[in-house]
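**Q**
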Amino acid sequence: AQSVTQLGSHVSVSEGALVLLRCNYSSSVPPYLFWYVQYPNQGLQLLLKYTSAATLVKGINGFEAEFKKSETSFHLTKPSAHMSDAAEYFCAVSDRGGGFKTIFGAGTRLFVKA
Amino acid sequence: KAGVTQTPRYLIKTRGQQVTLSCSPISGHRSVSWYQQTPGQGLQFLFEYFSETQRNKGNFPGRFSGRQFSNSRSEMNVSTLELGDSALYLCASSLLGQEQETQYFGPGTRLLVL
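Chains as they are written, first to last, in the numbering used here: chain X, 1378 to 1491; chain L, 517 to 630.
1) Is any beta-carbon of chain B found at less than 7 Å from that of X/F1440?
2) Can you check whether the C-beta of X/S1471 is within less than 7 Å of a C-beta belonging to chain L?
3) Have a look at L/R579 and L/S595 and give me their C-alpha separation to the nearest angstrom.
4) Which residues does DSSP pair with L/R583 in a beta bridge?
5) Output needed in chain order: residues of the region 1387-1420 of chain X with a Cβ under 7 Å from some Cβ in chain L.
6) Any C-beta of chain X within less than 7 Å: which residues of the region 548-559 of chain L qualify?
7) Listed in chain order, which residues of the region 608-624 of chain L have Cβ atoms closer than 9 Å to some Cβ of chain X?
8) Which residues in chain L have a C-beta closer than 8 Å to the C-beta of X/A1446? List them in chain order.
9) Apply the 10 Å Cβ neighbour rule to X/Y1416 and answer buried if 16 or more other Cβ atoms are within range, or exposed otherwise.
10) Within the region 1431-1476 of chain X, note down every full beta strand (DSSP E) run reaching 3 residues or more, in order along the chain.
11) Just to confirm my understanding: we take X/L1421, look at its own chain, exclude 5 residues before and 5 after, and list those with CB closer than 8 Å. What are they?
12) With a 10 Å radius around its C-beta and 16 neighbouring C-beta atoms as the bar for buried, classify X/K1426 as buried or exposed.
13) Please check if any C-beta of chain L sits within less than 7 Å of the C-beta of X/K1478.
14) DSSP beta-bridge partners for L/Q552?
15) Go to X/K1490, then tell me how far its beta strand (DSSP E) extends in each direction, as first and last residue.
16) DSSP three-state label for X/L1398, please.
Written out as structure tokens, the structure is:
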């Protein structure tokens, strides 16, 4: 069965510092992996996705993530945090075949200090 | 192109009542998925509809049901509401319902059950 674990329910960084949000997955077959961002009182917005092309995936707003099969990880990074990055971030996994049944992680709330 | 719209945005109901939530996908999108988001359980997959057929279903009781119309608009219904059904209900659409596609989320309907 698929599962997603996000390490750290809250992460705090200073403006300009590196952002690292951790995600590990479990899947019986090579999965599709996603990172979404949710701002207060809004729906989710896709940041980036891995669909078995390049293992280093670049997304919007300067975020990127690297798929590491040996570590079953898909950590999200951004070199320099901005105040506008403060939000909740969700890692998600979807198996291949049969349509959507996306499994989301518990989420990591990112705080950015001035 | 208009995004995913959900109505109503906010709703208050009492235990035992039933509720119907509506989702209009992006024009041309054929897949609609529903998710429940709560502080305790996080984001949980409810069901997915594609071309008016329920293709996938999450682990929710039969009180939760849905349907999709020929224009791809979708409704979900919750009967005999319980306090624990208080949540943000998110709808997402995708063009062809393929797992690697981007899902576009609506702003959600916030349901409060008293």
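C-beta: ideal position from N, C-alpha, C; glycine also.
**A** According to the structure shown:
1) Annotation note: the requested chain B is absent from the structure, which comprises protein chains X and L.
2) Here residue 1471 of chain X is taken as the residue at index 94 of the first sequence, counted from 1. Taking Cβ atoms only, chain L reaches closer than 7 Å to X/S1471, which makes this a yes.
3) Counting from 1 along the second sequence, the entry for residue 579 of chain L is found at position 63. Counting from 1 along the second sequence, the entry for residue 595 of chain L is found at position 79. Answer to the nearest angstrom: the Cα atoms are 5 Å apart.
4) Stepping through the second sequence from its first residue, residue 583 of chain L is reached at position 67. Here L/R583 is bridged, per DSSP, to L/E591.
5) Cβ contacts with chain L come from Y1409, Q1419, G1420.
6) Listed in sequence order: S549, G558, L559.
7) For the region 608-624 of chain L, which is checked against every Cβ of chain X, the residues closer than 9 Å are A608, S610, G613, Q614, E615, Q616, E617, T618, Q619, Y620, F621, G622, P623, G624.
8) Numbered from 1 along the first sequence, position 69 holds the residue referred to as residue 1446 of chain X. First, the residue type needs correcting, since residue 1446 of chain X is Lys and not Ala in the sequence shown. None at all; the shortest Cβ gap to chain L is about 17 Å.
9) Position 39 of the first sequence, counting from 1, holds the residue named residue 1416 of chain X. By the Cβ-count criterion, X/Y1416 is exposed, with fewer than 16 other Cβ atoms from all chains shown falling within 10 Å of its own Cβ.
10) For the region 1431-1476 of chain X, whole beta strand (DSSP E) runs of length 3 or above, ordered along the chain, are 1433-1435, 1441-1445, 1450-1455, 1464-1471.
11) Residue 1421 of chain X sits at position 44 when you count from the first residue of the first sequence. Y1413, V1414, Q1415, F1467.
12) Locating residue 1426 of chain X in the first sequence gives position 49, counting from the first residue. The residue in question, X/K1426, is buried, as its Cβ has 16 or more Cβ neighbours within 10 Å.
13) Working through the first sequence from its first residue, we reach residue 1478 of chain X at position 101. Yes, X/K1478 counts as interfacial toward chain L.
14) Taking the first residue of the second sequence as position 1, residue 552 of chain L is located at position 36. Bridge pairing for L/Q552: L/Q560, L/Y605 [DSSP].
15) By one-based count along the first sequence, residue 1490 of chain X stands at place 113. Segment 1485-1490, the beta strand (DSSP E) holding X/K1490.
16) Within the first sequence, residue 1398 of chain X is the residue found at index 21, counting from 1. DSSP places X/L1398 in strand when its eight states are reduced to three.
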